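Here the structure comes first, spelled out in structure tokens, and everything after it is commentary.
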Amino acid sequence: ELKVEQNPLFLSMQEGKNYTIYCNYSTTSDRLYWYRQDPGKSLESLFVLLSNGAVKQEGRLMASLDTKARLSTLHITAAVHDLSATYFCAVDRLYGNKLVFGAGTILRVKS
Amino acid sequence: GAGVSQSPSNKVTEKGKDVELRCDPISGHTALYWYRQSLGQGLEFLIYFQGNSAPDKSGLPSDRFSAERTGGSVSTLTIQRTQQEDSAVYLCASSPSGTEYQETQYFGPGTRLLVL
Numbered sequence: 055e056l057k058v059e060q061n062p063l064f065l066s067m068q069e070g071k072n073y074t075i076y077c078n079y080s081t082t083s084d085r086l087y088w089y090r091q092d093p094g095k096s097l098e099s100l101f102v103l104l105s106n107g108a109v110k111q112e113g114r115l116m117a118s119l120d121t122k123a124r125l126s127t128l129h130i131t132a133a134v135h136d137l138s139a140t141y142f143c144a145v146d147r148l149y150g151n152k153l154v155f156g157a158g159t160i161l162r163v164k165s
Numbered sequence: 011g012a013g014v015s016q017s018p019s020n021k022v023t024e025k026g027k028d029v030e031l032r033c034d035p036i037s038g039h040t041a042l043y044w045y046r047q048s049l050g051q052g053l054e055f056l057i058y059f060q061g062n063s064a065p066d067k068s069g070l071p072s073d074r075f076s077a078e079r080t081g082g083s084v085s086t087l088t089i090q091r092t093q094q095e096d097s098a099v100y101l102c103a104s105s106p107s108g109t110e111y112q113e114t115q116y117f118g119p120g121t122r123l124l125v126l
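Those protein sequence lines, which keep their order, are chains A and C.
Going by my numbering, the first residue of the first sequence is number 55, and it counts up by one from there.
Going by my numbering, the first residue of the second sequence is number 11, and it counts up by one from there.
Structure below.
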């Protein structure tokens with residue numbers, strides 16, 4: 055059974071600081087996703103990572119994937135208040151198409 | 011609008027009643043998914059439709075839950091004899107084909123269901 059664990063589950067950051075959210079998954083997976091959810095809103099796709107060593111960056115967010123360790127990281131650089139949201143990682147198998155989500159990391163950036 | 015739309019946005023019902031939730035996928039997307047988001051269980055897969063293939067119903071929690079997709083587009087999720095534990099946000103997503111390697115699922119705004 056495919057399981058996904060995220061940590062930390064809650065992260066309070068000061069503006070301007072860097073931090074990393076970790077996502078571990080239990081069995082081989084074909085694709086790893088990062089989504090963002092604002093309170094009361096739906097899920098917004100951030101990144102899809104497909105291969106070992108894949109790195110993608112968008113603004114202050116950078117995601118990477120290590121398939122050997124079954125680990126993805128979401129690195130936040132110089133946090134700003136607008137990044138406050140809940141971040142989910144999810145994995146699936148090609149042709150399986152069932153996203154298995156982590157519990158989410160609630161990020162609060164304080165000024 | 012070009013995104014996934016869902017209706018109603020909020021639904022309050024009494025225990026034992028049936029409810030229907032609707033999803034309009036992004037135009038041209040042949041793959042459609044339903045998920046449920048609740049405080050206790052997080053985000054859970056419910057069902058997946060891909061083109062004209064038989065749906066993958068493996069995530070439906072009980073036989074009170076069913077879904078159909080008419081004409082390869084709009085989908086309806088039906089919950090019969092609702093229970094309080096059915097209270098959750100029901101999210102619909104779509105993707106272009108369900109078969110492309112670099113495909114992303116695009117989520118709708120959700121229907122917030124409260125069973126009293």
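Yeah, the Cβ is synthetic: ideal placement off N, Cα and C, and Gly gets one too.
Quantities reported herein were computed from a predicted structural model and do not represent experimental measurements.
| CB contact check: Leu97 (chain A) to chain C, cutoff 8 Å | yes
| C-alpha distance - Thr23 (chain C) paired with Ser104 (chain C), whole-angstrom precision | 27 Å
| Nearest neighbour of Asp73 (chain C), chosen from C:Arg32, C:Asp28, C:Ala41, C:Tyr43 [CA to CA] | C:Asp28
| field | Test: Arg65 (chain C) CB closer than 8 Å to a CB of chain A | value | Position check: residue 65 (chain C) holds Pro in this sequence, whereas Arg was assumed. No, Pro65 (chain C) does not count as interfacial toward chain A.
| said: Checking the sheet assignment: what are the DSSP bridge partners for Ser99 (chain A)? | reply: A:Tyr89
| Is it right to say Asp146 (chain A) is buried, meaning 16 or more other beta carbons lie within 10 angstroms of its own, or is it exposed? | buried
| DSSP state of Glu30 (chain C) mapped onto helix, strand, coil | strand
| task | Closer than 8 Å, Cβ to Cβ, to anything on chain A: give me those residues from the region 31-49 of chain C, in chain order. | result | Ala41, Tyr43, Tyr45
| Could you give the distance in angstroms between the alpha-carbon of Tyr141 (chain A) and the alpha-carbon of Tyr76 (chain A)? | 11 Å
| request: Could you give the DSSP three-state label for Gln60 (chain C): helix, strand or coil? | output: strand
| In angstroms, rounded to a whole number, what distance separates the CA positions of Ser76 (chain C) and Gly70 (chain A)? | 48 Å
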